[in-house]
Each structure stands twice: as C-alpha cells, then as structure tokens.
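Data block below; observations after.
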Amino acid sequence: MTDRLGSGSERLDAVLGGGLPLHGITLVMGRPGTGKTILAQQYLFHNATADHPALYLSTVSEPLEKILRYGQSLDYFDPAALGSRVLYEDLGQRLNADGLPGVLTRITELLKQRRPGLMVIDSFTALPAYAPDAGAYRRFLHDLAGRLSALPITSFWVGEYDGAQVSSAPEFAVADAIVALSTDRRSERETRALQIFKLRGSGFLSGRHAYRLSQRGLEVFPRLADPVQFDGPARTPERMSSGVPALDAMLSDGYWRGASTLVAGPSGVGKTLLALHFAFAGAARRETSLITTFQENPTQLERIVNGFGWSLRDPAIELMYRTPVDMYLDEWVYEVLDRIERTGAKRLIIDSLGDLKAAAADEQRFREYLYSLLQRCARANISTIMTQEVAGLFGVTRLSEHGISHLSDNVVLLQFLRGDSELKRAMTVLKTRGSAHRQEIRRYDITAEGILPCDTFASDQDLT
Amino acid sequence: MTARDAGIYSIGAVAKMLGVSVQTLRAWEDRYKQVVPSRSPGGHRLYSRDDIEQLRFILERTEAGLQAADAHRLLAEQGHARADPGAGGSRSGQPGADPERFAVLVAERDPFAAEFADYFLRTEGYAVHVVLDVAEAEQTLDSSTPQVVVIDLMISGGAGLGLCRAVRARGAIPVLAVSPVDCRDAAVDAGADAFLPKPVEPLQFVSAVRDLLGTSGYLRSDGASR
Chain A
1 MTDRLGSGSE RLDAVLGGGL PLHGITLVMG RPGTGKTILA QQYLFHNATA DHPALYLSTV
61 SEPLEKILRY GQSLDYFDPA ALGSRVLYED LGQRLNADGL PGVLTRITEL LKQRRPGLMV
121 IDSFTALPAY APDAGAYRRF LHDLAGRLSA LPITSFWVGE YDGAQVSSAP EFAVADAIVA
181 LSTDRRSERE TRALQIFKLR GSGFLSGRHA YRLSQRGLEV FPRLADPVQF DGPARTPERM
241 SSGVPALDAM LSDGYWRGAS TLVAGPSGVG KTLLALHFAF AGAARRETSL ITTFQENPTQ
301 LERIVNGFGW SLRDPAIELM YRTPVDMYLD EWVYEVLDRI ERTGAKRLII DSLGDLKAAA
361 ADEQRFREYL YSLLQRCARA NISTIMTQEV AGLFGVTRLS EHGISHLSDN VVLLQFLRGD
421 SELKRAMTVL KTRGSAHRQE IRRYDITAEG ILPCDTFASD QDLT
Chain B
1001 MTARDAGIYS IGAVAKMLGV SVQTLRAWED RYKQVVPSRS PGGHRLYSRD DIEQLRFILE
1061 RTEAGLQAAD AHRLLAEQGH ARADPGAGGS RSGQPGADPE RFAVLVAERD PFAAEFADYF
1121 LRTEGYAVHV VLDVAEAEQT LDSSTPQVVV IDLMISGGAG LGLCRAVRAR GAIPVLAVSP
1181 VDCRDAAVDA GADAFLPKPV EPLQFVSAVR DLLGTSGYLR SDGASR
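So the protein lines, in turn, are chains A and B.
Under the numbering used here, residues 1 to 464 are what the first sequence spells out, in order.
Under the numbering used here, residues 1001 to 1226 are what the second sequence spells out, in order.
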C-alpha cells in the first residue's frame, strides 16, 4: 500500500481505497461538462499548503479567466489561497510559441522555483496536436513523467479522452491512476457516474459510482454492493411487538429485533398503517424510528397519524420525506444511513418500495442498493419494515416486489376480500425466518385505534 | 508523514552533529525517555529533525550548567513543541557557514532527479558534482574528496550500498543515502549517516545535506569544537 492523497471527501476516498496515489500521476478523463476541472480543483484546494503549493496549468482548450470565474462560485474555492497556496498559470501562449519543448521547459522552471506539491495540467488532450509525430509526443510524455517522478508531487492530467483511448493513448500507460467521469441520459433523467479504471498500489471500489455536481463540488455516492449475508452476526434473541397484538400472535410473539419485514398489499388496505404501528410502538418505548416516505408530505402524514392518536412531533419519530420526482436512489440511501447514524434509530420504515424503485436508474441497481441497505441495517440490529403495493384490488396472485421478499425475514400480506355484501380486510403471514408462524388468514378492521383484528373468517368465506 | 517528523539520521551522524557521544545519547534516551528516536524495521535508531532540535535544547541547558535530568524535565515542561523549526531562513545566514567550500558529490541513477538535486543544492550555494553511475563516482572519489556524498542506492543496477561501503572505507565522508525502496537498515548497515526516501522533498534534502556538512543551525560554530 502506497501513501495516499485525500480528497477531503470520505466517500470519494472510500471509492479510491483510501485516496489517490501520493506523488503519482492521475489521469482524469471525461467529456466536457462532466466535472473534471471541479474534481482536480477540489484536490488542489484541499491539499495545497504554502510550503507545498498547487499549480494549475491551463493549456489551450479553456481560457484561464473562465476557469477562475466559474471556480469561484464553488464552496472549496478560496480566493485567499490564490497566489500563495494555489497558483494558476496559462501555458497556452508558451505552447503556441514553442510547442511541447517550451511547455516542458516552463514546467521544469516552475517545479524548481515553486516546488509544488500538486500540479494540474488542464487540458492534456490539447497537447498531442503540438507534437510533430507520435514519437515526439511519447518523448515529451517520458520527459514530463520523469521530471514529475523525481519530485514529491502529485499531478493530475485532465483531458477529454474517450473510452477507446484508454487502451491506445500512451498517457494511460504512464498514469498511476485513471478516474473516468461520464454522464448517462435515460428517459430525461441524467445520471453521472465516476469509475476508477486503474489505481496503482491498492484496491478500489469497482463499478460505476453515482456523483453529483453542486455548489459543494463533486459529491460521490459509492456504489453500495455489500455481500449478501443471510447469517449475519448472532442477533440478540429479542422479540419486538409489531404494535398489533394479533399479528404478534401470528408471528409467534412479534418480529425478531433486526429483522426485515415486507408488508405487501393493494392500495388502501392499510400497509402504511401497519408500518406506523411498529414505529409508534417503538416510540412508546423511546426507541427512535426513521420513517421514510414519498407519498404523503409531513402535513398530510401528520393528519393521518393524528387520526390514530399519534403525532410525528414525538421525539422518537424521525421523518424523512422526499418526492420521488428527481430523487436519486444512491443519494437517498446515503441520507438514510446518515440519518440512522445521527439519530440512533433502531427502526426503519420504507414507504414504499415502488416509489423508491422509480428513483433508481435500473432494476439491478435498485436491488443492489436495497440489499445493501437491508444488510447494513441487519448488521446494526435495526428492524426494517418496507411496504409494497401489489397490482389488483382482489385475489393477489404474485408479489411483484423485485425479489425483495427473498431477502426479507418476514412477509406479511394484506388483502381485500368480498363476502356478505361487504369489503373485508385480511392479514396473512406468508413467511417468517427463524421462527414458526401460524398458517392462518385473519380478518382485521381499521378503526380510530388502528388495526384491530377480528376473528378468523367463517368457513364459507371466499379466500381467493 | 511530514518532513519534520520522519527519522532520517543515524545515531552516529547525530552524535557528530551535536558533538556528544553515542553513549550519552543512548543513556539519555534510556534514563529520561524524552527524546526517543524512531526505529527502522531492523532496529536502528533514526532521529528526526525534531529529535535533534530537542537534543540541542537539552545540550544548551547542560552547557549552561544544568544537570541533564533537569534539562530533560525542562524539555518535558516546555512541551516538545518548542522551537519552531522554521528556521529555513535563519540557517542559511549562519556565521561561519561558507557553502562554497563544500563539494557535494551526487551519485544518482535518475538524470531527472540528478538535475533537481543539482539545482536545489546549487541554489543554496553548494558546489555540486553529479555522476550517474558507480564507476564515475569511484573515479571522482579517486581524484577529489567531497565533503558529503549523496548516493542513490539504486544506482548502477542497485550498486548503491556497495558505494556507501566504499565511501565509508575511504574515511569519514558523511553519506546521505536515498532510495525509492525503504532500505534504511541496509543503508545504515552499509555506513550511511542518513537516509531519505525518494522522491526527496527539496527542503528536506537540502537540510539533510546541510546537517551532514555541519553547517546547519543545529551546529553552531562553538559546537564544532565540543
């Protein structure tokens, strides 16, 4: 393991297995607008010191003036650092007048005089055009890399390379690390992805990691791909009430602590209510619940829970409401994990999976993230309840829940049934992991006190 | 790790720099546990510039008549953070230091590293002679006696350790070993007085050469005769 250069962002460093190789050459590739310059400048401002300043060298693709003007609107940009910790210089004129040898001479002068700890060349893709032939360009690369390797300097070569060049352009062989930024457009949704192609000296998180560009710069959300582990660390053998006594009885005394439960059923059957029972049963024991919801805004939800004698103002209730429009799954999962950590929540409600799925770029990613979130919750002994809407009001034939029931410890099905000229509600425990459950269909009603079970159905009830 | 807290100097080099015996340094370390240098993987003591700064503080007090125990207590009380090193500037104006008198032989495999070493040392006023292989280094040593030799251990296919021993065999010329591979132990065993990992940090590099030449602020002109 070589020494690492931190980015100032824990998540980005996690993707990089600790950070970029210190004193190495990192190639940052991506199309215009992907945030290459932002990423490089973030490193610069975070790591530059008066003793080891950072040099930002622009070439001929983007005028230095522009880079500075846009740069200053970002949080990391510290105007006081300019000219002391962070030095900008335009190599464009030198490049036009003296070509690559002129650039090399100027860089050597700067290395000697400024003794920088970091250096960015932006854009590097502008340089090959100044070489009379491929051999001259390779010699330039060799000379530049040789100088940079002889000094304790971390450099960033920023360029608009495309995927095919990774195996052909000579810069890629010289680089110690390659960070690729890209943008995908899928049905009006834009998703940005950061990927590490190469990192000398250590492992890194493979795959495509979502990132956003904002005032704060480039924020990355490392792909969650925790290994699926059904046999986690031994759980505290503790039962917890679902908040509905009759359901506890069907589950042989409630859920296991740390278990995940899928509540499936058609619209209006009472899935959210069943989940809320669990949350407020926790609140009654001063155990914090995090309720994540997409449909009802806080005002609407407060009105609903008030109807059952509860309130979201309960100090043990944490509400996280996001509208599914323009929400990103990875960002949401990270926010949930942060909120759980901050509040010490022991119960998590996800209402509902369908809304969450709408925020995912694709189904596989949705499954990956949800698996990882559930795994993390299970390891931390956090009990989870997820609601899932099923199609059709009557006669549920399948749970279209994207394979989540396999991962859930418990599956509770809520149904509408017809008979005796009335609409009835029925509750069935389809699955419990690690304990027995009663194979029965119980009737229940929704009253001002919430879900109140009646009895089992009469023998002539149509249960299909 | 910053330049200042890295252990780079052997106990012999520190003893020479400060004008105290190796035995005294060891005894102080055992007895007072105040200045405890880092150890190389093989167990060699490697002193940092902070360590040397603290030893100098103790020496000043003992010279002023304080018992060694009291001097160590004073150091502990004042915190090890005393002394701002900062002294980059003050060192160069040291009375009695006349860098031109010194010739530094740089035996370096990498022409780029050699160019920078040459530049940084010359900027500080040292006369420098650069060689790129061991044979050339031996020839130079036959015809002249530099005041300090910088040896890249990877020179001539890894013949740097042999060159360290050869320089040591010629007499008391201080040797600064540099290498991209951590071979502090082998370097000290081969007679090097100090070791720096590559790529070398320019300031640290120049300071190390200056320390080994005995012209740094760490060794005042009166200290040389101690």
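Virtual Cβ for every residue (Gly too), placed ideally from N, Cα, C.
| In or out: D51/A buried (at least 16 other Cβ within 10 Å) or exposed? | Here residue 51/A refers to the residue found at position 51 of the first sequence. Exposed is the call here.
| request: May I have the straight-line CA-CA distance separating A259/A from P298/A, to the nearest angstrom? | output: Position 259 of the first sequence, counted from the start, is the residue given in the question as residue 259/A. Position 298 of the first sequence, counted from the start, is the residue given in the question as residue 298/A. One C-alpha to the other measures close to 27 Å.
| query | In three-state terms, what does DSSP make of A177/A? | reply | For the purposes of this step, residue 177/A is taken as residue 177 along the first sequence, with counting starting at 1. A177/A falls in the strand class under three-state DSSP.
| request: Classify A1097/B as buried or exposed, calling it buried when 16 or more other Cβ atoms lie within 10 Å of its own Cβ. | output: Position 97 of the second sequence holds residue 1097/B. Per-residue confidence for A1097/B stands at a pLDDT of 45, beneath the threshold of 50, marking its modelled position as unreliable; the derived number appears in the next sentence. Buried, by the Cβ-count rule.
| field | Rounded straight-line distance, which links the Cα of A14/A to that of A275/A | value | Within the first sequence, the letter at position 275 stands for residue 275/A. Within the first sequence, the letter at position 14 stands for residue 14/A. Those two C-alpha atoms are separated by around 34 Å.
| Can you pull the DSSP bridge partners for V120/A? | Taking the first sequence and counting its residues from 1, one reaches residue 120/A at position 120. For V120/A, which the question treats as bridged, DSSP gives the partners Y56/A, F156/A.
| field | Interface residues of chain B facing L151/A [CB-CB closer than 9 Å] | value | Along the first sequence, one-based indexing puts residue 151/A at 151. Neighbours of L151/A on chain B, chain order: F1112, A1113, F1116, P1199, V1200, E1201, P1202.
| Do the CB positions of V1246/B and A1192/B come within less than 8 Å of each other? | Any question about residue 1246/B goes unanswered here, given that chain B covers just 1001 to 1226.
| request: Check whether the Cβ atoms of R1056/B and L1018/B sit closer than 8 Å, and answer yes or no. | output: Reading the second sequence from its first residue, position 56 is the one you call residue 1056/B. Reading the second sequence from its first residue, position 18 is the one you call residue 1018/B. Contact: yes.
| request: Could you say which of A48/A, V60/A, R106/A, L64/A lies nearest to A81/A if we only look at CA atoms? | output: Reading the first sequence from its first residue, position 81 is the one you call residue 81/A. Residue nearest to A81/A within the set A48/A, V60/A, R106/A, L64/A is A48/A (criterion: CA-CA distance).
| said: With a threshold of 8 Å between beta-carbons, can G102/A be considered close to chain B, or not? | reply: On the first sequence, position 102 is the one that residue 102/A refers to. Cβ-Cβ to chain B under 8 Å: no for G102/A.
| DSSP on P21/A, reduced to helix/strand/coil? | Working through the first sequence from its first residue, we reach residue 21/A at position 21. Judged by DSSP in its simplified three-state form, P21/A adopts strand.
| Over what stretch of residues does the beta strand (DSSP E) that includes G217/A continue unbroken? | On the first sequence, residue 217/A is found 217 positions in, with the first residue counted as 1. According to the DSSP assignment, G217/A belongs to the beta strand (DSSP E) that extends over 217-221.
| Nearest to A173/A by CA position, among A193/A, D162/A, A145/A, is which residue? | As a position in the first sequence, residue 173/A is number 173, starting the count at 1. Ranking A193/A, D162/A, A145/A by CA distance to the CA of A173/A puts A145/A first.
| message | Cutting at 7 Å between CB atoms, please list the residues of its own chain near H437/A, excluding the five before and the five after it. | response | To locate residue 437/A, count along the first sequence from 1; it is residue 437. Around H437/A: M250, L251, S252, V429.
| said: Tell me the residue span of the beta strand (DSSP E) that contains S167/A. | reply: Taking the first sequence and counting its residues from 1, the one referred to as residue 167/A is at position 167. From DSSP, S167/A is part of no beta strand (DSSP E) but of the alpha helix (DSSP H) over 165-168.
| With C-beta atoms as the reference, is T384/A less than 8 Å away from L374/A? | Numbered from 1 along the first sequence, position 384 holds the residue referred to as residue 384/A. Numbered from 1 along the first sequence, position 374 holds the residue referred to as residue 374/A. In this structure, the beta-carbon distance from T384/A to L374/A falls below 8 Å.
| task | Could you check what DSSP says for A1064/B in three-state terms: helix, strand or coil? | result | Numbered from 1 along the second sequence, position 64 holds the residue referred to as residue 1064/B. Three-state DSSP puts A1064/B in coil, outside helix and strand.
| said: Quick check on DSSP: helix, strand or coil for V15/A? | reply: If you number the first sequence from 1, residue 15/A lands on position 15. Reduced to three states, the DSSP call for V15/A is helix.
| task | With a cut-off of 8 Å on the beta carbons, I'd call V1022/B and A1013/B a contact; round off their distance for me. | result | If you number the second sequence from 1, residue 1022/B lands on position 22. If you number the second sequence from 1, residue 1013/B lands on position 13. Contact between V1022/B and A1013/B is absent: CB atoms are separated by about 10 Å, not below the 8 Å threshold.
| query | Closest by CA to E62/A, which one among S242/A, R139/A, Q93/A? | reply | Sequence index remark: in the first sequence, residue 62/A carries index 62 (1-based). Of S242/A, R139/A, Q93/A, the residue nearest in Cα terms is Q93/A.
| request: Name the residue from L55/A, E89/A, S84/A whose alpha carbon lies nearest to the alpha carbon of E65/A. | output: By one-based count along the first sequence, residue 65/A stands at place 65. Distances from the alpha-carbon of E65/A to those of L55/A, E89/A, S84/A put E89/A closest.
| Is the Cβ of F230/A closer than 8 Å to any Cβ of chain B? | Here the question's residue 230/A lines up with position 230 in the first sequence. Unreliable positioning characterises F230/A in this predicted model, as indicated by a pLDDT of 48, which lies under 50. The coordinate reading is nonetheless provided below. Not closer than 8 Å to any Cβ of chain B, the Cβ of F230/A fails to qualify, so no.
| How about I1058/B and Y1009/B: are their beta carbons less than 8 Å apart? | Within the second sequence, numbered from 1, the residue matching residue 1058/B stands at position 58. Within the second sequence, numbered from 1, the residue matching residue 1009/B stands at position 9. Taking 8 Å as the Cβ cut-off, I1058/B and Y1009/B do not qualify as a contacting pair.
| Backbone CA spacing between F124/A and S1040/B [nearest angstrom] | Looking up residue 124/A in the first sequence gives position 124. Looking up residue 1040/B in the second sequence gives position 40. Looking at the two C-alpha atoms, the distance is approximately 41 Å.
| request: Could you pull the start and end residues of the beta strand (DSSP E) that H209/A belongs to? | output: Position 209 of the first sequence, counting from 1, holds the residue named residue 209/A. For H209/A, the enclosing beta strand (DSSP E) starts and ends at 209-214.
| said: R425/A and L414/A - do their beta-carbons sit closer together than 8 Å? | reply: Numbered from its first residue, the first sequence carries residue 414/A at position 414. Numbered from its first residue, the first sequence carries residue 425/A at position 425. Using a Cβ distance threshold of 8 Å, L414/A and R425/A count as a contacting pair.
| message | Here's the rule I'm using: 16 or more other beta-carbon atoms within 10 Å means buried, otherwise exposed. How should F140/A be labelled? | response | On the first sequence, position 140 is the one that residue 140/A refers to. Buried, because 16 or more other Cβ atoms sit within 10 Å of the Cβ of F140/A.
| query | Excluding the five sequence neighbours on either side, which residues of its own chain have a C-beta within less than 6 Å of the C-beta of M327/A, listed in chain order? | reply | To locate residue 327/A, count along the first sequence from 1; it is residue 327. Around M327/A: A359.
| query | Which first and last residues belong to the alpha helix (DSSP H) in which G265/A is found? | reply | The count along the first sequence starts at 1 and reaches residue 265/A at position 265. Run containing G265/A: none in the alpha helix (DSSP H); it sits in the beta strand (DSSP E), 260-265.
| said: Please report the distance separating the alpha-carbon of Y43/A from that of S7/A. | reply: Reading the first sequence from its first residue, position 43 is the one you call residue 43/A. Reading the first sequence from its first residue, position 7 is the one you call residue 7/A. Going from the Cα of Y43/A to the Cα of S7/A covers about 5 Å.
| message | Distance check for Y70/A and E341/A, CA to CA, integer angstroms please. | response | Start at 1 with the first residue of the first sequence, and residue 341/A comes out as number 341. Start at 1 with the first residue of the first sequence, and residue 70/A comes out as number 70. Distance between the alpha carbons of E341/A and Y70/A: 35 Å.
| query | Is the CB of Y1032/B under 8 Å away from at least one CB in chain A? | reply | Mapped onto the second sequence, residue 1032/B falls at position 32. No, Y1032/B does not count as interfacial toward chain A.
| Any beta-carbon of chain B closer than 8 Å to the one on H46/A? | Within the first sequence, the letter at position 46 stands for residue 46/A. With 8 Å as the cut-off, H46/A does not count as an interface residue toward chain B.
| query | Where does P1085/B fall in DSSP's three states? | reply | The residue labelled residue 1085/B in the question sits at position 85 within the second sequence. Residue confidence for P1085/B is low, a pLDDT of 41 falling below 50, so the modelled location carries little weight; the figure read from the coordinates is stated next. Assigned with DSSP and collapsed to three states, P1085/B falls in coil, not helix or strand.
| field | Inter-residue spacing [alpha-carbon to alpha-carbon] between A1036/B and R4/A | value | What you label residue 1036/B is simply residue 36 of the second sequence in a count that begins at 1. What you label residue 4/A is simply residue 4 of the first sequence in a count that begins at 1. It should be noted that the sequence gives Val, not Ala, for residue 1036/B. Put simply, the backbone Cα of V1036/B is about 27 Å away from that of R4/A.
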